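S.K.:
Protein chains: 2
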Amino acid sequence: MPQPPEPAADHRAAGPADLVVEGCTALVHDAAGEVAFAEDAGIVVRAGAIAAVTSAAEAARVPAAERIDARGQIAMPGLVNCHTHAPMVFLRGFAEDVPVEEWFNDWIWPVESNLTDRDVELGALLACAEMIRGGVTTFADHYFAMDRVADAVAATGLRAVLGLAYFSSQGPAGRDASLEFALRRAGGADGRITTCLAPHAPYTVTDADLRATARLAREHGLLVHLHAAENREQTETSLARHGRTPVEVLQRCGLLDTEVLIAHGTGLTDDDVALLGRAPAAGVATAPRGYLKFGWDPTPVRALHAAGVPVGLATDGAASNNTLDVWESMALTALVQKSAERDASWATARQVLHHATTQSARVVGLGDRVGSLAPGRRADLILVDLTGPHTQPVHDLAATLVHSARAGDVRTTVVDGRVLMRDRRLLTVDVAEVAAELAPRLAALTERGHGRRIQRYDT
Amino acid sequence: MPQPPEPAADHRAAGPADLVVEGCTALVHDAAGEVAFAEDAGIVVRAGAIAAVTSAAEAARVPAAERIDARGQIAMPGLVNCHTHAPMVFLRGFAEDVPVEEWFNDWIWPVESNLTDRDVELGALLACAEMIRGGVTTFADHYFAMDRVADAVAATGLRAVLGLAYFSSQGPAGRDASLEFALRRAGGADGRITTCLAPHAPYTVTDADLRATARLAREHGLLVHLHAAENREQTETSLARHGRTPVEVLQRCGLLDTEVLIAHGTGLTDDDVALLGRAPAAGVATAPRGYLKFGWDPTPVRALHAAGVPVGLATDGAASNNTLDVWESMALTALVQKSAERDASWATARQVLHHATTQSARVVGLGDRVGSLAPGRRADLILVDLTGPHTQPVHDLAATLVHSARAGDVRTTVVDGRVLMRDRRLLTVDVAEVAAELAPRLAALTERGHGRRIQRYDT
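Those sequence lines, one after another, are chains A and B. Each step along the first sequence adds one to the number in the numbering used here, with nothing skipped, and position 61 is 62. Each step along the second sequence adds one to the number in the numbering used here, with nothing skipped, and position 412 is 413.
(1) Would you please verify whether the beta carbon of His391(A) is less than 8 Å from any beta carbon of chain B?
(2) Taking CB distances under 8 Å as the criterion, tell me whether Leu421(A) reaches chain B.
(3) Spatial neighbours of Ser321(A) within its chain, please: CB distance less than 6 Å, with the 5 preceding and 5 following residues excluded, ordered by chain position.
(4) Ala32(B) to Thr55(B), Cα distance in whole Å?
(5) Chain B beta carbons: is any one of them nearer than 8 Å to that of Ala400(A)?
(6) Hey, is the segment 68 to 81 of chain B in contact with the segment 103 to 113 of chain B, meaning 3+ C-beta pairs nearer than 8 Å?
(7) Is the Cβ-Cβ distance between Asp317(A) and Ala288(A) less than 8 Å?
(8) Pull up the distance between the alpha-carbon of Pro8(A) and that of Ile51(A), whole angstroms please.
(9) Using 8 Å as the limit for Cβ to Cβ distance, is Thr349(A) near chain B?
(10) Are the CB atoms of Leu382(A) and Val420(A) nearer to each other than 8 Å?
(11) What is the rounded straight-line gap between the Cα of Thr238(A) and the Cα of Arg343(B)?
(12) Can you name, in chain order, every residue of its own chain whose Cβ lies under 8 Å from the Cβ of Ala151(B), other than the five neighbours on each side?
(13) Cutting at 8 Å between CB atoms, please list the residues of its own chain near Leu124(B), excluding the five before and the five after it.
(14) So which residues on chain A does Asn232(B) lean against when the C-beta distance must stay under 7 Å?
(15) List the endpoints of the continuous beta strand (DSSP E) containing Ala53(B).
(16) List, in chain order, every chain A residue whose beta-carbon is nearer than 9 Å to that of Glu181(B).
(17) So with CB distances below 8 Å, who are the chain B contacts of His396(A)?
(18) How far does the beta strand (DSSP E) with Phe168(A) in it reach, from first residue to last?
(19) On the three-state DSSP scale, how would you describe Pro200(B)?
(20) Could I get the ranges of all uninterrupted beta strand (DSSP E) runs contained in the segment 293 to 317 of chain A, with 3 residues as the minimum, in chain order?
(21) Does DSSP put Thr447(A) in a helix, in a strand, or in coil?
(22) Determine the DSSP secondary structure at Pro78(A), reduced to helix, strand or coil.
(23) Contact criterion: CB-CB distance below 8 Å. Does Ala112(B) meet it with respect to chain A?
(24) Locate the alpha helix (DSSP H) running through His355(A), then write down its first and last residues.
(25) So which residues of chain B does Asp208(A) contact, with C-beta pairs closer than 7 Å?
(26) Closer than 8 Å, CB to CB, is Ala345(A) near chain B or not?
(27) Do Glu181(A) and Leu224(A) have their C-beta atoms closer together than 8 Å?
(28) Is there at least one Cβ from chain B nearer than 8 Å to Val432(A)'s Cβ?
(29) Please state whether DSSP places Thr205(B) in a helix, a strand or coil.
(30) Under a CB-based cut-off of 8 Å, is Tyr409(A) close to chain B?
(31) Within 10 angstroms of its Cβ, does Glu23(B) collect 16 or more other Cβ (buried), or is it exposed?
(32) For Ala229(A), name the three-state secondary structure that DSSP assigns.
(33) Based on the DSSP output, what are the partners of Ile194(B) in its beta bridges?
(34) If you follow the alpha helix (DSSP H) that Arg253(B) is part of, which residue opens it and which one closes it?
(35) Could you tell me the alpha carbon to alpha carbon distance between Pro441(A) and Ile455(A), rounded to whole angstroms?
(36) Use the C-beta contact count for Leu1(B): other C-beta atoms within 10 angstroms, 16 or more gives buried, fewer gives exposed.
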């Protein structure tokens with residue numbers, strides 16, 4: 002076991018800390034950036050940032066406004082949900098056991114033409130509750146009425162990377178609105194909100210709009226978050242229609258020269274992976290549950306890893322994925338990657354923890370702010386209880402975390418130094434109240450008799 | 002929604018019931034045996050059996066020694082873990098990220114030569130705690146020192162189908178001991194223990210021993226529980242060495258004429274499936290997590306379904322599977338089957354609930370006793386809380402149960418009418434005490450320097 006890193010020089014001299022976590026085992030990253038565990042550790046938080054990861058004894062001597070006794074628990078960086086449509090929890094279990102074309106054209110896109118701002122806000126609040134309970138501290142969201150999602154983020158205390166989705170079928174207004182939102186809400190919620198541009202996908206946004214998006218991203222220093230090569234069929238259709246893969250389309254449009262977050266990528270070719278490997282700031286979000294459900298290939302994580310492309314964990318929206326459980330995405334990434342490669346020695350527990358921490362932080366453009374427990378990082382951390390019968394005994398802490406622990410084992414969730422859940426009790430959102438307001442709205446929300454849809458899926 | 006079935010005629014006349022569960026939605030099976038839900042239901046329990054599944058109002062009028070207010074909860078048959086090695090939780094996370102040959106030969110089988118009876122009993126107690134917390138009410142176990150497992154079953158209140166495993170390398174003593182155990186402990190723990198014969202597998206037990214096992218099974222009316230066609234390589238090796246698949250070996254040895262529980266079957270051929278379809282009482286247990294982890298094919302559930310062979314859900318042992326979470330096996334069965342068949346419309350939530358209930362009960366030989374909430378069945382039931390943010394809202398109860406709910410949402414577990422967990426509190430086993438006694442034993446248990454192993458894996 003490595004020693005905990007040296008405390009930052011000033012952490013004892015600065016008066017009472019805001020929060021001290023004592024007596025945990027801390028998931029840290031060693032000098033090479035690999036996952037390691039520091040036993041009997043303490044974490045000192047000041048002004049929303051980690052001031053020190055030190056020994057439990059040292060931490061015990063630091064006066065603090067709030068203390069958490071975390072003996073027997075693991076402290077780790079909060080999970081990052083690198084691609085979701087948080088409000089869509091209102092459609093959890095609504096469109097089941099159907100292929101993707103039917104899912105979009107007959108269920109989801111007709112229903113989304115009914116959306117009201119209040120539906121989106123209630124969905125976002127419920128989603129935030131679910132994510133806080135599952136140890137997610139940051140989520141990258143790509144949806145409509147994003148001001149309401151931003152409000153939910155502000156209210157619940159989470160961190161988020163928000164982008165207002167658009168299709169070219171909206172005309173120039175869609176792209177303009179995405180930029181206007183990104184500029185207006187950047188830095189909101191005391192800096193917990195960062196923003197991005199959010200074209201839907203190469204099959205719903207024209208090359209001209211993608212080119213304009215790339216220009217705007219460079220001009221304003223914004224991340225671009227979009228779906229691309231979601232499945233093999235999309236890649237094949239793109240090749241047949243345009244002679245280029247979706248990722249080649251992104252490259253031609255200049256998007257690979259920007260900071261770009263590609264959701265899914267299960268249809269990536271070897272050449273696409275090579276292109277992404279040469280891009281300065283491309284990352285991929287993988288949401289394996291939905292790929293199994295739709296019968297898609299997995300994201301080629303091994304090839305991306307070899308090409309140096311960070312791969313972050315995600316859940317997609319709950320309308321397809323049924324949960325926003327990034328803990329499950331972590332386990333499924335290990336399982337599906339071993340299965341796909343027919344190699345039990347690949348996708349080790351430590352590697353998957355690396356995806357869940359520093360790689361996920363990089364993918365959403367927050368690689369220098371979150372994703373590890375280290376001095377100077379924002380204090381986004383979770384405490385995980387491993388005393389349950391399903392996580393005992395512990396032979397290998399990484400394996401216990403990835404393969405035995407569950408989202409429900411997260412006892413405490415902290416974002417920017419603020420405790421959002423303590424001992425499983427949510428402190429910033431009332432689930433019963435949100436669910437009660439949402440329930441009577443569902444009939445109008447799920448009405449499909451009107452014949453409208455927001456878009457047509459035709460890869 | 003179907004109406005709840007009529008209450009049994011005598012349930013009001015028999016004096017106070019032992020237990021009444023009120024106000025739940027009950028997962029029942031309709032006249033065709035399909036999964037259905039009865040809203041606002043009540044369940045009356047007498048003498049360890051279900052006396053009635055009726056309306057909440059009717060149940061409220063039945064006097065009872067114990068009542069559970071289950072409003073907002075789902076009552077469903079307790080889950081059945083159709084194939085596990087429960088004590089192996091002591092090796093959870095011990096042998097990770099290695100292929101199956103190495104897993105057996107370099108890790109598990111050397112270590113199992115160190116086993117003491119007390120290790121097995123502590124492992125079994127911890128496993129029972131995990132299963133009770135995850136809503137499992139019956140498990141089919143296949144291991145060593147099974148008297149200690151039977152003791153743990155008696156102590157914790159679970160139901161189990163127990164078989165003492167043997168290899169032909171033990172000589173006649175192994176088979177004799179398996180039979181002696183089966184006859185001696187049958188009907189134990191107030192009838193909650195049933196027993197079986199447990200040859201390890203066709204690659205570790207000779208044809209002569211398998212033939213003798215089939216004879217003994219017929220003579221004593223015993224189920225036979227064994228591993229077969231665990232993976233494709235085993236089938237190929239068997240064909241190369243013997244000119245027959247593992248299932249053809251079972252058939253020639255007479256085992257397909259007995260009640261037989263085949264674990265895994267991921268290497269089944271189409272002809273094997275046809276053979277099983279013609280067998281009078283063959284069932285297959287599928288434990289999908291481990292197959293992903295080892296890079297094996299999935300069990301061919303669709304073909305088995307078409308051939309009329311029941312498929313039950315299982316976890317295998319935690320040394321390979323990391324958990325005894327049958328809830329996860331249920332979700333993974335849906336996901337992996339959709340993925341393997343590349344058909345999102347296959348393995349619907351309702352079908353998978355059917356596997357989890359009546360099919361699993363049949364596979365372990367308890368098809369007439371457990372697996373559904375119906376008058377006359379043993380009162381093995383669980384109450385599941387769907388008020389958490391990750392299970393709200395509910396559009397489709399089957400989908401919510403399979404794809405959104407988690408083992409940790411089980412609030413109450415009842416076996417034979419006795420409450421083993423109430424509101425997440427275990428009533429029959431002290432996890433901290435068991436874990437504390439187990440921890441200092443692990444160094445001796447996992448010592449591999451002695452060069453012994455209980456068997457060699459060579460398919």
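By construction, the Cβ of each residue, glycine as well, lies at the ideal position given by its N, Cα and C atoms. Quantities reported herein were computed from a predicted structural model and do not represent experimental measurements.
M.R.: This is what the structure gives:
(1) At least one C-beta of chain B is nearer than 8 Å to the C-beta of His391(A).
(2) No, no contact with chain B.
(3) So the qualifying residues of the chain are Gly291.
(4) Per the coordinates, the alpha-carbon of Ala32(B) lies some 16 Å from the alpha-carbon of Thr55(B).
(5) Any Cβ of chain B closer than 8 Å to the Cβ of Ala400(A) would place that residue at the interface, and such an atom is present.
(6) Touching, no, given that fewer than three Cβ pairs across the two stretches are closer than 8 Å.
(7) In this structure, Ala288(A) lies closer than 8 Å to Asp317(A) by Cβ.
(8) Confidence is the limiting factor: at Pro8(A) the pLDDT is only 45, short of 50, which leaves the residue's position unreliable and the question unanswerable from this model.
(9) Chain B has a Cβ within less than 8 Å of the Cβ of Thr349(A).
(10) No, the Cβ-Cβ distance between Leu382(A) and Val420(A) is not below 8 Å.
(11) Rounded to the nearest angstrom, the two C-alpha atoms are 18 Å apart.
(12) Excluding residues within five positions, the ones whose Cβ falls inside 8 Å are Ala161, Leu163, Arg186, Gly189, Ala190, Ile194.
(13) Per the sequence presented here, residue 124(B) reads as Gly, with Leu not at that position. Taken in chain order, the residues that qualify are Ala87, Pro88, Met89, Val90, Phe91, Leu439.
(14) Residues of chain A passing the Cβ test: none, with the nearest at roughly 11 Å.
(15) Unbroken beta strand (DSSP E) run through Ala53(B): 50 to 56.
(16) Neighbours of Glu181(B) on chain A: none; closest Cβ ~31 Å, over 9 Å.
(17) Neighbours of His396(A) on chain B, chain order: Leu92, Arg93, Gly94, Phe95, Leu443, Thr447.
(18) From DSSP, Phe168(A) is part of no beta strand (DSSP E); its letter is neither H nor E.
(19) Here Pro200(B) sits in strand by DSSP.
(20) Runs of the beta strand (DSSP E) inside the segment 293 to 317 of chain A: 312 to 314.
(21) If DSSP states are grouped into helix, strand and coil, Thr447(A) belongs with coil.
(22) Correct three-state label for Pro78(A): strand.
(23) Here residue 112(B) turns out to be Val, not Ala, going by the sequence shown. No, because no Cβ of chain A sits closer than 8 Å to the Cβ of Val112(B).
(24) Under the DSSP assignment, His355(A) falls in the alpha helix (DSSP H) whose first and last residues are 350 to 355.
(25) Within chain B, no C-beta atom comes nearer than 7 Å to that of Asp208(A); the closest sits roughly 30 Å away.
(26) Yes, Ala345(A) counts as interfacial toward chain B.
(27) It is not a contact, given that the beta carbons lie outside the stated cut-off.
(28) With 8 Å as the cut-off, Val432(A) counts as an interface residue toward chain B.
(29) Note: Thr205(B) maps to coil in three-state DSSP.
(30) This sequence places Gly at residue 409(A); Tyr is not what is there. Residue-level contact by beta carbon holds for Gly409(A) and chain B, with a gap shorter than 8 Å.
(31) Classification of Glu23(B): buried, given that the 10 Å Cβ count is 16 or more.
(32) DSSP places Ala229(A) in the strand class (E or B) of the three-state scheme.
(33) Beta-bridge partners of Ile194(B) (DSSP): Ala161(B).
(34) It spans 247 to 253 - the alpha helix (DSSP H) in which Arg253(B) sits, taken as one unbroken run.
(35) A straight-line Cα-Cα distance of about 23 Å links Pro441(A) and Ile455(A).
(36) Any answer about residue 1(B) is impossible in this case: the structure gives chain B only from 2 up to 460.
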